[in-house]
Amino acid sequence: MIQIILSVILVLYPYRAASLSTNYYANICPNLENLVRGAVQQQMAQSPITAPATLRLFFHDCFVNGCDASVMIINPNGDDEWHHPDDFTLKPDGFFTVLRAKAAVDADPRCTNKVSCADILALAARDSVLLSGGPYWPVELGRYDGKVSTRNSVVLPHPDYSLDKLYQMFSAFGLDQTDLVALSGGHTFGAASCAFINNRLYPTTDQTMNPQFANQLRGTCPAALNPNIFVFLDATTFAAFDNAYYKNLQQGKGLLASDQILYNDPRTQGTVNMFASNQGAFFQAFTNAMTKLGRIQVKSALNGEIRRDCRFPN
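Residue numbers (mature numbering (1 follows the signal peptide of the UniProt record, and there is no 0)): -19 to -1, 1 to 295.
Now the structure itself:
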């Protein structure tokens, strides 16, 4: 059923709008990238989880209704994407980053109400990676903001999904197997609630998990489920964007089942090994995948707008 729904969506909305280009705002808001990066730096200085929160926000946005910042819309009746259980775990720090960047952009008279929240989010996600030691890539711009956000529209990958189910979801958006493994590398920083891993620890340990790693996790995550306790997705270099995530998978230290399956399944193990041994290869694949992700169901002036406040449709 999910595949049918996604296929219908893709017929209605092409992956890429013709207007997307890396210099879209060159004559509209020439200082855009500096303004956004400065705001990201300021937010990162205030909160250590800003970078992973912003990157995750971009992924959750693009996978639901396309890259249109609809994930940021607040509906008075609570019927919006953020109130879906899969989105309610999104950290406020990511939202604050975009709002701070939007305020900085609109404070420039040349840019006021001319830059979409969707484009600001795309830039902020890139800068969150870059400022954490990750790669730079030119971001394609020219998206318009969505006008609608509904809780029932949210369909996202889950930590307990099989590789087949994950690939089904990614391929529906034109993302291939390498993209899946590369984008999963975003888990090289950030944290996850114990609620997502307790089923791997209790009543017995998931046999694909490193026993010592499992013992450490049980010391943090009690058997009595507590969704307010968090553990790092990559405990070795939790604040850095690097390839440690893939090295962890090789040792059975993938936090989520959907992470560890990438190494345990022979179809993706080779890609994991390559990224673990070659950070440059991971960075290149990640930037390619992020560019493709940013093209999903892009809105134009015909079905979108430039939101004055990222939280509310005009």
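From the three backbone atoms N, C-alpha and C, an ideal C-beta is built for every residue, glycine too. All values reported here derive from a predicted model rather than from experimental measurement.
Residue range of the unbroken beta strand (DSSP E) whose run includes residue i
i	result
Val17	No beta strand (DSSP E) contains Val17, which is instead part of the alpha helix (DSSP H) from Leu13 to Gln27.
Val212	Phe211 to Phe213
Trp173	The sequence given here places Ala at residue 173; Trp does not occur at that position. Ala173 -> beta strand (DSSP E) spans Ala172 to Ser174.
Three-state secondary structure assigned by DSSP to residue i
i	result
Lys280	strand
Glu62	helix
Leu(-10)	Model confidence at Leu(-10) stands at a pLDDT of 43, short of 50, so the residue's coordinates are unreliable; what they give is reported in the following sentence. DSSP places Leu(-10) in helix when its eight states are reduced to three.
Leu122	strand
Ser2	strand
Phe263	helix
Arg181	helix
Asp290	strand
Val52	helix
Met190	coil
Asn46	coil
Val136	coil
Arg199	helix
Leu230	helix
Gly275	coil
Gly166	helix
Ala238	helix
Asp68	coil
Gly285	coil
Thr217	coil
Tyr117	coil
Asp160	helix
Leu243	helix
Thr268	helix
Ala225	helix
Asn295	coil
Closer than 7 Å: residue i CB and nearest the ligand MN heavy atom
i	result
Val162	This structure lacks the ligand MN; in fact it carries no ligand of any kind.
Boundaries (first-last residue) of the alpha helix (DSSP H) holding residue i
i	result
Ile101	Cys98 to Leu111
Asp87	Pro73 to Asp87
Leu144	Leu144 to Ser152
His41	Thr31 to Cys43
Thr249	Pro247 to Ser258
Given residue i as reference, the closest of the options once Cα atoms are compared
i	options	result
Gly166	Phe256, Asp89 and Asn284	Phe256
Asp290	Asp108, Asn56 and Pro11	Asn56
Asp160	Arg181, Ser(-1) and Ala270	Ala270
Leu122	Asn179, Leu102 and Ala195	Leu102
Arg91	Gly115, Tyr6 and Leu38	Tyr6
Ser2	Tyr148, Arg124 and Leu198	Arg124
Thr131	Ala106, Leu147, Asp42 and Pro140	Asp42
Tyr226	Val17, Asn259, Leu198 and Cys202	Asn259
Ala282	Cys175, Ser97 and Gly261	Ser97
Pro247	Gln158, Leu111, Leu137 and Gln23	Gln158
Phe69	Gln232, Leu137 and Val129	Leu137
Val279	Phe154, Ser28 and Ala163	Phe154
Leu198	Asp223, Asn224, Gly233 and Leu164	Gly233
Arg292	Ser28, Ile54 and Gln22	Ile54
Pro29	Asp126, Ser109 and Asp141	Ser109
His168	Leu104, Thr78, Pro184 and Phe267	Phe267
Cβ separation of residue i and residue j, assumed to be a contact under 8 Å, to the nearest whole Å
i	j	result
Ala173	Leu236	6 Å
Asp215	Phe170	6 Å
Leu156	Ile242	Not really, about 17 Å apart at Cβ, beyond 8 Å.
Gly114	Ala26	No, Gly114 and Ala26 are not in contact; Cβ-Cβ is about 16 Å, not under 8 Å.
Asn94	Ile277	So it is not a contact: roughly 25 Å between Cβ atoms.
* For the segment 250 to 260 and the segment 198 to 210, state whether three or more C-beta atom pairs, one from each stretch, are separated by less than 8 Å. => Result no; under three Cβ-Cβ pairs closer than 8 Å.
* To do: Please determine if the segment 44 to 63 and the segment 83 to 92 are in contact, where contact requires at least 3 C-beta pairs separated by less than 8 Å.
  => The segment 44 to 63 is not in contact with the segment 83 to 92.
* Asked: Is the segment 140 to 153 in contact with the segment 33 to 40, if contact means three or more CB pairs nearer than 8 Å?
  -> Below 8 Å, too few C-beta pairs join the segment 140 to 153 and the segment 33 to 40 to call them touching: fewer than three.
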